[in-house]
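Have a look at the structure below before the remarks.
2 protein chains.
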Amino acid sequence: MLYEINEKIIELERKGKKIIKFHIGDPDQDTDPRIIDAALKAMKQGKTKYSSAMGEKDLRDALAEIHGVNADNIIITPGSKWAIFSIIFLTLEKGDNAIVPSPHWISYELILKKLGIRAKFLKTEIDSEWKIDVGKLESLIDEKTKLIILNNPNNPTSKVVNNNTLEEIVEIANNRGVTILSDETYSEISFLKTKCILDFDKNHILVNSFSKTFAMTGWRMGYAILNEELKNKMTKLNQITITNVPVFIQEAAIKALELKKEISRKIKEDYQKRAELACKILSKSKLKFSRPDAPFYVFPRCEEIDSEKFVFDLLEKGVAITPGTSFGDYRDCFRISLTRPDDEIKSGLEKLVEVIG
Amino acid sequence: MLYEINEKIIELERKGKKIIKFHIGDPDQDTDPRIIDAALKAMKQGKTKYSSAMGEKDLRDALAEIHGVNADNIIITPGSKWAIFSIIFLTLEKGDNAIVPSPHWISYELILKKLGIRAKFLKTEIDSEWKIDVGKLESLIDEKTKLIILNNPNNPTSKVVNNNTLEEIVEIANNRGVTILSDETYSEISFLKTKCILDFDKNHILVNSFSKTFAMTGWRMGYAILNEELKNKMTKLNQITITNVPVFIQEAAIKALELKKEISRKIKEDYQKRAELACKILSKSKLKFSRPDAPFYVFPRCEEIDSEKFVFDLLEKGVAITPGTSFGDYRDCFRISLTRPDDEIKSGLEKLVEVIG
Chain A
0 MLYEINEKII
10 ELERKGKKII
20 KFHIGDPDQD
30 TDPRIIDAAL
40 KAMKQGKTKY
50 SSAMGEKDLR
60 DALAEIHGVN
70 ADNIIITPGS
80 KWAIFSIIFL
90 TLEKGDNAIV
100 PSPHWISYEL
110 ILKKLGIRAK
120 FLKTEIDSEW
130 KIDVGKLESL
140 IDEKTKLIIL
150 NNPNNPTSKV
160 VNNNTLEEIV
170 EIANNRGVTI
180 LSDETYSEIS
190 FLKTKCILDF
200 DKNHILVNSF
210 SKTFAMTGWR
220 MGYAILNEEL
230 KNKMTKLNQI
240 TITNVPVFIQ
250 EAAIKALELK
260 KEISRKIKED
270 YQKRAELACK
280 ILSKSKLKFS
290 RPDAPFYVFP
300 RCEEIDSEKF
310 VFDLLEKGVA
320 ITPGTSFGDY
330 RDCFRISLTR
340 PDDEIKSGLE
350 KLVEVIG
Chain B
0 MLYEINEKII
10 ELERKGKKII
20 KFHIGDPDQD
30 TDPRIIDAAL
40 KAMKQGKTKY
50 SSAMGEKDLR
60 DALAEIHGVN
70 ADNIIITPGS
80 KWAIFSIIFL
90 TLEKGDNAIV
100 PSPHWISYEL
110 ILKKLGIRAK
120 FLKTEIDSEW
130 KIDVGKLESL
140 IDEKTKLIIL
150 NNPNNPTSKV
160 VNNNTLEEIV
170 EIANNRGVTI
180 LSDETYSEIS
190 FLKTKCILDF
200 DKNHILVNSF
210 SKTFAMTGWR
220 MGYAILNEEL
230 KNKMTKLNQI
240 TITNVPVFIQ
250 EAAIKALELK
260 KEISRKIKED
270 YQKRAELACK
280 ILSKSKLKFS
290 RPDAPFYVFP
300 RCEEIDSEKF
310 VFDLLEKGVA
320 ITPGTSFGDY
330 RDCFRISLTR
340 PDDEIKSGLE
350 KLVEVIG
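One line per chain: the protein sequences are A and B, in this order. When the letters of the first sequence are read in order and numbered with numbering that gives the first Met the number 0, they come out as residues 0 to 356. When the letters of the second sequence are read in order and numbered with numbering that gives the first Met the number 0, they come out as residues 0 to 356.
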């Protein structure tokens with residue numbers, strides 16, 4: 000679907016039409032120049048050679064300190080997505096299944112499908128503020144369930160899982176011998192604080208990314224924290240696939256971590272303002288939506304619409320969004336990504352409200 | 000084995016011992032500063048965002064022109080290794096097999112093993128200058144053979160496959176419906192010219208890398224040229240794994256291609272001199288070896304040695320090499336990587352000759 004949307008955008012832009020792009024979760028902010036300088040410095044120092052498939056020790060040490068874990072439990076990956084793919088590739092077998100609360104990031108679904116693993120989606124609803132029903136989650140677990148994939152904060156709803164719910168999920172997972180893979184890509188810039196999965200139990204898996212916290216999407220920098228046995232398996236898989244993340248990119252990541260407080264606060268503030276602006280405008284419409292707890296998205300619902308059709312109607316008016324069907328069984332919802340400057344958010348959402356009525 | 004060698008090197012260096020490192024195929028030359036500048040320029044232009052999983056059109060166009068193919072048949076990958084892994088992952092199934100002339104780059108063996116594909120090794124011998132016996136190759140093909148992996152020029156022997164042999168292999172592959180995956184990582188800097196697999200038949204697969212041609216090993220830049228159907232499948236796999244190669248790295252690659260003639264000639268000349276120096280020194284020993292047709296390696300044989308033991312004996316004398324067993328069933332051979340400055344090559348190989356007698 001995203002492919003068709005992109006094709007349509009290209010066609011419209013060719014005709015001279017200006018499109019406000021709310022359909023991709025790629026921040027409009029630039030990577031901080033000090034991070035770029037760190038990459039350049041490393042390149043000039045000759046850090047352009049083969050290196051560790053596990054990741055640079057300095058970077059793993061810095062992350063270990065942040066997360067209060069041992070560097071031996073950390074692996075550096077070219078984006079969090081590669082970490083997620085690797086973990087599923089290495090630990091699940093055909094016939095196994097994974098539970099995924101939905102709406103969900105489409106990559107989980109596509110990765111599981113590609114690897115022949117059944118995804119059991121746990122639908123959440125806007126009427127309960129996208130809360131995970133722990134009882135329902137438990138009822139989905141069977142003897143072939145090996146993984147629960149949490150995305151906290153969630154893409155596309157931008158809701159965080161509250162601590163009580165997290166605690167209950169961890170307890171169920173532990174009782175039933177299921178591993179939790181917690182993708183916390185948006186956690187550092189979340190408006191509402193949420194606890195890390197490792198704060199409950201170090202036996203589960205944390206996956207994180209530099210993409211959103213530091214506006215570094217295209218650098219491909221992520222990491223996973225997990226038991227040493229699985230980390231060693233992932234290192235071996237890296238050796239026969241991606242070899243290593245470029246060292247100069249890892250040096251840029253070290254600089255990013257040094258600047259984390261400053262950069263993440265700024266990004267969080269920017270998106271909090273945008274979220275407020277978006278909520279204010281959307282309130283004037285008949286759309287139902289839950290206020291975002293985190294960047295970057297709003298995921299409204301309108302019972303009357305077929306979002307796959309609505310996306311193209313709205314595109315003709317110059318605004319690109321993503322249909323709810325790209326995140327699971329949510330045909331009457333759509334995702335707005337607030338990764339555009341304030342003036343575009345204002346005019347784009349006003350247009351959307353005008354169209355939807 | 001490489002792991003144990005690295006551990007031993009660290010231990011010896013800690014004791015203050017200087018080690019001449021002939022055990023890794025990572026050139027000592029730095030990446031050209033103009034390539035680094037191109038990466039920097041792209042970063043400053045904000046080319047730090049998500050981008051195409053297929054690779055940038057400009058880079059694919061430049062490669063298309065070089066290879067006389069259509070850009071639609073080219074995919075950019077984070078290193079050639081990821082291309083090889085992806086192709087095997089997407090086109091072979093458990094129970095299938097692939098033929099690999101040996102001695103061989105260990106990654107082919109490890110990738111096939113990880114994906115549950117049987118490797119049928121076709122042994123070549125130093126006495127016939129590591130020539131591929133085409134009759135033997137044909138006899139290895141059965142109904143489950145899906146791939147022949149050529150490495151031309153070869154790591155570790157640094158021999159090229161001559162055009163007649165290549166032509167015969169292509170004919171056999173075509174007759175038997177087997178695809179050739181030709182890894183031509185060392186071809187641009189080969190002393191002896193060799194033809195590209197696509198010059199024979201565009202239905203086979205070329206895999207190539209920027210690592211050796213441009214001293215860009217740690218940048219992770221490779222590509223594959225193949226039919227559009229498989230390219231589309233690889234693009235989809237990229238979308239759920241590595242997402243994209245950083246655009247600023249692809250911009251650096253475009254600059255590298257502009258400088259290809261100059262840079263590759265210089266690297267070729269450097270290594271030709273080193274190969275001559277190495278042959279001159281090694282001739283004074285009882286070692287048997289075939290003169291390299293290409294960078295970076297010499298792969299000598301000595302019937303009396305167990306190379307796994309010899310490697311550690313030599314390491315104690317300050318010289319690191321790789322045992323032949325890291326490249327297949329070649330216990331009496333070892334690989335010397337000439338990726339060190341001339342003075343180290345001289346002193347390191349003189350020490351080796353002294354030890355071996």
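Note that beta-carbon positions come from the ideal geometry of N, C-alpha and C, so glycine has one too. The model shown is predicted, which means the values in this text are computed figures rather than measured ones.
For residue i, which residues from the same chain have a beta carbon less than 6 Å from its beta carbon, with the 5 sequence-adjacent residues on both sides left out?
i	result
F247(A)	A38, A41, M42, K46
L91(B)	I116, K145
G78(A)	R219, G221
D182(A)	N150, V206
L197(B)	L205
L236(B)	S85
Leaving out five residues before and five after residue i in sequence, what residues of the same chain have Cβ atoms less than 7 Å from its Cβ?
i	result
D331(A)	R300, C301, E302, I304, S306, G323
G49(B)	According to the sequence displayed, residue 49(B) carries Tyr and not Gly. Correct list, in chain order: T242, N243.
D27(B)	T338, R339, P340
I344(B)	R273, L276, A277, L337
Are the C-beta of residue i and some C-beta of chain B separated by less than 9 Å?
i	result
F120(A)	no
I248(A)	yes
L109(A)	yes
K113(A)	yes
T30(A)	yes
I263(A)	What sits at residue 263(A) in the sequence shown is Ser, not Ile. Output row for S263(A): interface = no.
S106(A)	yes
Could you tell me whether any Cβ in chain A is nearer than 9 Å to the Cβ of residue i?
i	result
D95(B)	no
D342(B)	no
T321(B)	no
D25(B)	yes
D71(B)	no
S306(B)	no
Under three-state DSSP, which class holds residue i?
i	result
V310(A)	helix
R334(A)	strand
P155(B)	coil
Y296(B)	strand
Y2(B)	helix
A97(B)	strand
T212(B)	coil
I125(A)	helix
D182(B)	strand
L197(A)	helix
P322(B)	strand
G221(B)	strand
R117(A)	strand
Am I right that residue i and residue j are in contact with their C-beta atoms under 8 Å? What's the rounded C-beta distance?
i	j	result
V206(B)	A82(B)	5 Å
S336(B)	I23(B)	6 Å
E227(B)	N72(B)	6 Å
S157(B)	A293(B)	5 Å
V169(B)	T193(B)	About 13 Å separates the two Cβ atoms, so there is no contact after all.
A172(B)	I147(B)	6 Å
K80(A)	T240(B)	6 Å
C195(A)	S186(A)	7 Å
G54(A)	I74(A)	6 Å
L258(B)	V352(B)	Actually they are not in contact, since the Cβ atoms of L258(B) and V352(B) sit about 37 Å apart, beyond 8 Å.
Between residue i and the rest of its own chain, which residues show a CB-CB distance below 8 Å, the 5 nearest in sequence each way excluded?
i	result
L139(A)	I98, K119, L121
L314(A)	I4, K7, I8, L11, I18
Taking 9 Å as the CB-CB limit, is residue i close to chain C?
i	result
L236(B)	Among the protein chains in the structure shown, which are A and B, there is no chain C.
Any residues in the region 213 to 246 of chain B with a beta carbon nearer than 9 Å to a beta carbon of chain A? Which ones, in chain order? Sequence-ordered contacts of the region 213 to 246 of chain B with chain A read A214, M215, T216, G217, W218, R219, K235, L236, Q238, I239, T240, I241, T242, N243, V244, P245, V246 [C-beta pairs closer than 9 Å].
Closer than 8 Å, Cβ to any Cβ of chain B: which residues of the region 33 to 56 of chain A, in chain order? Listed by position, the residues of the region 33 to 56 of chain A near chain B (Cβ gap below 8 Å) are I35, A38, L39, M42, K43, G45, K46, T47, K48, Y49, S50.
Identify each residue in the region 74 to 92 of chain A for which the Cβ-Cβ distance to at least one residue of chain B is less than 8 Å, and report them in chain order. Here the close residues are P77, G78, K80, W81, F84.
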